[in-house]
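Notes for the one structure printed next.
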Amino acid sequence: MSDLRDLYQQTILDHTRKPRNKHEMLDATSSADGHNPLCGDKIKLFLKINNGVIEDISFTGSGCAISTASASMMTEALKGKTLTEAQPLFERFHAMLTSPMDHEPDIESLDKLAVFSGVREFPVRVKCATLPWHTLQAAIKNEHRPVSTE
Ligand code: ZN
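Under the working numbering, the first residue of the sequence shown is numbered 122, with each subsequent residue one higher.
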């Protein structure tokens, strides 16, 4: 288990140091701002949706290691997916992070996103990990109101 934990931490560190898809998108079809006042994480998410498919996804902003890694890995996981596929992924990710510690979380279908299962131990950090996903929900709805986790 500690080997697995090391692997998880390395993956998160790697995405924090070299975030994937971190840039503005000039031809985005929708975007949204997210803010986690508890930690100070800020994110702007860009989506290019064509025929219900997330053709491109990127983000900008600044935040802690967890929020940056989560945004980076979310963009990797969602690029090329349909909106219909993205929704259950969000729900499973959220369920994993909020499941009680004495329950083995269902991580099977989450692939690489399972690295965030350890965040459950730090309830304050759960909002850092879910911020990009909540912002995604807003971007899909094309809301222009900033999102807050509060
Ligand atoms: Zn944070």
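Just so it is clear, CB atoms sit at the ideal spot from N, CA and C, and this is done for glycine as well.
First through last residue of the alpha helix (DSSP H) which encompasses residue 197: 186-199
heavy atom of the ligand ZN below 7 Å from residue 155 C-beta: no
Beta-carbon spacing of residue 175, residue 202 below 8 Å: yes
The stretch 177-191 contacting the stretch 158-165, beta-carbon criterion three pairs below 8 Å: yes
Residue interval of the beta strand (DSSP E) (run including residue 144): Taken as a continuous stretch (DSSP letters only), residue 144 belongs to no beta strand (DSSP E), as it is neither H nor E.
Alpha-carbon to alpha-carbon, residue 227 and residue 183: 30 Å
CB contact flag (residue 153, residue 268, <8 Å): yes
Cα-Cα separation between residue 231 and residue 127, rounded to whole angstroms: 18 Å
N- and C-terminal bounds of the beta strand (DSSP E) containing residue 235: No beta strand (DSSP E) contains residue 235, which DSSP labels as neither H nor E.
DSSP state of residue 230 mapped onto helix, strand, coil: helix
Limits of the alpha helix (DSSP H) - the one that residue 248 falls within: 244-261
Bounding residues of the alpha helix (DSSP H) (the contiguous stretch that carries residue 215): 204-219
Limits of the beta strand (DSSP E) - the one that residue 181 falls within: 174-183
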